[in-house]
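In the working numbering, the protein residues as written are 4 to 130. In what follows, a structure is listed as structure tokens, so that the remarks can point back to it.
Here you go:
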């Protein structure tokens, strides 16, 4: 069985659509009883190869309201590698965006198991 994040990474972008067009948005991982999401609210290019990002991390469980934490980070525009800092509670996340920009692979620094998050509009098409 192919997982939604694997299917999403295989979707070709339409002609003229580049991976960076998916950056500002919500990347989601559905869990058995909720979800984990990274919401990128702003991306500012600082040089040819790097951009700064700001947004939120959301954890939701069941029908309760999500727990939300502010984040900031850096994106390497050449390798698509991302580094995210969450201040409260202190956490760091690292990962990479897929070639088509629709999937974000993240892991908490110090942990080995990656999380695969799918750009929300893409995920809605797949499920």
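Ideal Cβ placement from N, Cα and C applies to all residues, glycine included.
Evaluate residue 40 with the Cβ neighbour count: other Cβ atoms within 10 Å of its Cβ, from every protein chain shown; 16 or more gives buried, anything less gives exposed. By the neighbour-count rule (16 or more Cβ atoms within 10 Å), residue 40 is buried.
Applying the criterion that 16 or more other CB atoms from any shown protein chain within 10 Å of the CB defines a buried residue, is residue 19 buried or exposed? Burial call: exposed.
CB-CB under 8 Å to residue 89, same chain, minus the five flanking residues each way: which ones, in chain order? Once the five neighbours on either side are set aside, the close Cβ partners of residue 89 are 60, 72, 73, 74, 95 and 96.
Taking the CB atoms as reference points, tell me whether residue 78 and residue 109 lie closer together than 8 Å. Result no, Cβ atoms of residue 78 and residue 109 do not sit closer than 8 Å.
To the nearest angstrom, how far is it from the Cα of residue 82 to the Cα of residue 99? Straight across, the Cα-Cα distance linking residue 82 with residue 99 is about 8 Å.
Taking Cβ to Cβ, would you say residue 85 is nearer than 8 Å to residue 11? No, Cβ-Cβ distance for residue 85 and residue 11 is not below 8 Å.
Is it buried or exposed, residue 125, if we count other Cβ atoms within 10 angstroms and call 16 or more buried? Classified as buried, residue 125 has 16 or more neighbouring CB atoms from the shown chains inside 10 Å of its CB.
Does the Cβ of residue 64 have 16 or more other Cβ atoms within 10 Å, making it buried, or fewer, making it exposed? Around the CB of residue 64, fewer than 16 other CB atoms lie within 10 Å, so the residue is classed as exposed.
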